[in-house]
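K.L.:
With the working numbering as the guide, the letters of the sequence shown map in order to residues 197 to 320.
I'd like to ask you about the structure that follows.
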Amino acid sequence: MRKLGWRQWLVVALFLVAVVVTSLLMVRAVRRAVYWRFHRDEPIRAWMSVPYVAHSYRVPPHLLYKAIGLPQDKRDKRPLREIAREQNRPVETLITELQDAITHSRPPYPTPSPPPPPDGGTPP
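And the structure:
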């Protein structure tokens, strides 16, 4: 059996570092995917930020900023409770305005199609 030289040990060490880094990035990506899969349309809470609410409800953030009276060009990541405190109003009012904006930004549900006729033909 041959002994490995320092160059071979360096290659082995670099390979192991690459495997560890790749594994960590993969775990991070999977955790984020799983997290957002189960955190869609969460009830809005005071600790959430506007970008978090926008991501959870899949609406553009600028609509939510506009609904609560914040400039749309600035990415404000403060919690809703801080925004409400700065605007001197209850956080519940802010949450209600966000919910209204979300409701109005989504398309309405399509009307259900009529049931097929009993004879199996196409409806008129």
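Just so you know, even glycine gets a beta-carbon here, dropped at the ideal spot from N, CA and C.
Measuring straight from C-alpha to C-alpha, what distance separates V216 and L200?
P.N.:
Roughly 22 angstroms between the two C-alpha positions.
K.L.:
Taking the alpha carbon of P275 as the point to measure from, which residue in A242, P267, A250, L294 has its own alpha carbon closest?
P.N.:
Out of A242, P267, A250, L294, A242 has the C-alpha closest to the C-alpha of P275.
K.L.:
Would you grab the beta carbon distance between S301 and V255 for me? Rounded to a whole angstrom, and I think it's under 8 angstroms.
P.N.:
That pair is a contact at about 5 angstroms.
K.L.:
Determine the closest residue to K273 out of Q204, L212, P304, H251, with distance taken between C-alpha atoms.
P.N.:
K273 has its Cα closest to that of H251, out of Q204, L212, P304, H251.
K.L.:
If you drop the 5 nearest sequence neighbours on each side, which residues of the same chain put their C-beta closer than 8 angstroms to that of V383?
P.N.:
Residue numbering for the chain in the displayed model covers 197 to 320; residue 383 lies beyond these limits and cannot be assessed.
K.L.:
Would you say D237 and A263 are within 8 angstroms of each other, going by their C-beta atoms?
P.N.:
Going by C-beta atoms, D237 is not nearer than 8 angstroms to A263.
K.L.:
Helix, strand or coil, according to DSSP, for P142 in the structure here?
P.N.:
With the chain running from 197 to 320 in the structure shown, residue 142 is simply not present.
K.L.:
In angstroms with no decimal places, state the Cα-to-Cα distance between L259 and R228.
P.N.:
Approximately 25 angstroms, taken between the alpha carbons.
K.L.:
State the DSSP-derived secondary structure class of P314, mapped to helix, strand or coil.
P.N.:
It is coil, neither helix nor strand.
K.L.:
Return the chain-ordered list of same chain residues with a C-beta closer than 6 angstroms to the C-beta of L290, the five sequence neighbours on each side being excluded.
P.N.:
Correct list, in chain order: I264, L276, A280.
K.L.:
State the beta-bridge partners of P275 as determined by DSSP.
P.N.:
DSSP output for P275 lists S245 as bridge partner(s).
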